[in-house]
């Protein structure tokens, strides 16, 4: 059976943030300069480490008269001489790029900060997330905080999605894929920088946190439209902020984070979850793999689908021929995506709570004991609670 739903998962959207193109320009230039700097550094490293080709060395010692070989040898020597210069230019370019990314991400994060949106003139009373007066904690960076775990992911199924639009969604979503490639490059930088800040202060810089939540939210909306759920035909908006759209993601801002966990949770503590997610999302989880002999000849075929991919393939075929999206499959797809995003928030250092080993299925978070929309602010000795 197909499942009907209200037109939007974000029923009480905050005031739309004012777009500042300068922040986007700064972020884009930062990413481009950062990538250029990394390329120059890698090029300098390779030129410094790679040995001179043997035939060039032999020709040089024999003082051969072959003009082409002499030119190639001289070019190699010039490149070797340029390695230190390239390294210096690459390092400077990388530093400028990183600074641009951090400043641009901070500006964009402040623009979508739910506390700032809630305080904006004309904002709805709830502003998409209630904040206790005087509290320094954050709402779930859009809607109410997660239930059971401080990452809240929702998605409401269209009734029903188009029969055949999924065949071309990969093409329609290309603009989003390009923007997300840039945003995820920036997210890597902000996460690394935030990790350093957490290590010494125990706090996640709020502007970077809001930016990273915005990137995850954008990714989830595109996935919900595309090949992570195939659950809506509404084209995703080009915004980091909460929007009137049937898919949303929010993460409660933490008051404090562990100084030590930041060193191990992303790669060591998350291993059990990453292995399970690999089974859910890796083609090797349900597929059959080919192999090759030492001569490079194939000894078998290869292929396969992830569990999530298999569910979506079944859904796509059913949609194509019947126009229906079965509720049971949709609930399971949502549970898998919810698990992946909870682990993603943990790996990205955004929460210290260990993700639960469970599939919370369904379009919205289950009705477990609700967490507050924000963490209570820390109270200093001798001060009265905020009112």
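In this note's numbering, the protein residues as written are 32 to 418.
Even glycine gets a Cβ: it sits at the ideal position worked out from N, Cα and C.
In this text, all values refer to a predicted model and were calculated from it rather than measured experimentally.
With respect to residue 72, residue 113 sits apart: the two C-beta atoms are not nearer than 8 Å. For the 8 Å CB-CB criterion, residue 386 and residue 283 do not form a contact. Close CB contacts of residue 304 within its chain, under the 7 Å cut and outside five residues either way in sequence, are with 374 and 386 (chain order). Taking all protein chains in view, the Cβ of residue 111 is surrounded by fewer than 16 other Cβ atoms within 10 Å, so the residue is classified as exposed. Looking at the backbone, the Cα of residue 298 and that of residue 353 are separated by about 43 Å.
The alpha-carbon of residue 265 is positioned some 7 Å away from that of residue 256. Taking residue 248 as reference, the option from 272, 263 and 240 with the minimal CA-CA separation is 272. Residue 279: member of the beta strand (DSSP E) spanning 278-282, first to last residue.
Residue state for residue 184 is assigned as strand, using DSSP reduced to three classes. One Cα belongs to residue 349, the other to residue 359, and the distance between them is close to 13 Å. In this structure, the CA atom of residue 296 is about 8 Å from the CA atom of residue 383. Closest in alpha carbon position to residue 300, among 270, 378 and 205, is 378. Membership of residue 269 in any alpha helix (DSSP H) is not indicated, and neither H nor E is assigned to it by DSSP. Put simply, the backbone Cα of residue 277 is about 32 Å away from that of residue 226. For residue 220 and residue 210, the gap between their C-alpha atoms comes out near 16 Å. The three-state secondary structure of residue 345, taken from DSSP, is helix. Relative to residue 288, the option among 254, 381 and 262 whose CA is nearest is 381.
In this structure, the beta-carbon distance from residue 217 to residue 141 does not fall below 8 Å. The alpha-carbon of residue 309 is positioned some 10 Å away from that of residue 302. Minimum Cα-Cα distance from residue 67 among the listed residues 49, 134 and 128 corresponds to 128.
Judged by DSSP secondary structure, residue 301 falls outside any alpha helix (DSSP H); it is assigned neither H nor E. In the displayed model, residue 260 falls within coil according to three-state DSSP, outside both helix and strand.
Within its own chain, the residues whose Cβ lies closer than 8 Å to the Cβ of residue 123, once the five positions on either side in sequence are excluded, are 68, listed in chain order. Rounded to the nearest whole angstrom, the C-alpha separation of residue 340 and residue 80 is 43 Å.
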